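Undergrad:
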Amino acid sequence: MFSLSYSSQFKKDFKKVTRMSIPDIVEVGNVIAQLQRGETLPPHNVDHALIKAL
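For the sequence shown, the working numbering gives the first residue as 2, with consecutive numbering after it.
#1: Which residues bound the alpha helix (DSSP H) around residue 32?
#2: For the segment 13 to 24 against the segment 34 to 41, do three or more pairs of beta-carbon atoms, one drawn from each stretch, fall closer than 8 Å, so that the two count as touching?
#3: Please report the residue range of the alpha helix (DSSP H) in which residue 48 lies.
#4: Quick one: what's got a C-beta closer than 7 Å to residue 3's C-beta in the same chain, skipping five residues either side?
#5: Work out the CA separation of residue 29 and residue 53 for me, nearest whole Å.
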């Protein structure tokens with residue numbers, strides 16, 4: 002189990018994002034909760050290499 006501490010910058014950014022019309026904002030909260038509980042993330046949420054798009 003992880004103990005998360007939110008930086009002031011994260012709090013500001015998260016507050017800004019919650020005001021936007023983003024349908025996946027609940028998913029962000031779910032991922033954070035899963036990390037706190039120490040659960041494994043689904044494959045689409047796991048860290049991956051970025052692809053350079055031109």
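Note that CB positions come from ideal geometry on N, CA and C, so glycine has one too. None of these values were measured; they are calculated from a predicted model.
TA: Here's the rundown:
#1: Residue numbering aside, residue 32 sits at position 31 when the sequence shown is read from its first letter. First-last of the alpha helix (DSSP H) with residue 32: 26 to 38.
#2: no
#3: The residue labelled residue 48 in the question sits at position 47 within the sequence shown. Taken as a continuous stretch (DSSP letters only), residue 48 belongs to no alpha helix (DSSP H), as it is neither H nor E.
#4: Here residue 3 refers to the residue found at position 2 when the sequence shown is read from its first residue. The answer, listed in chain order, is 36, 37 and 39.
#5: Position 52 of the sequence shown, counted from the start, is the residue given in the question as residue 53. Position 28 of the sequence shown, counted from the start, is the residue given in the question as residue 29. About 24 Å.
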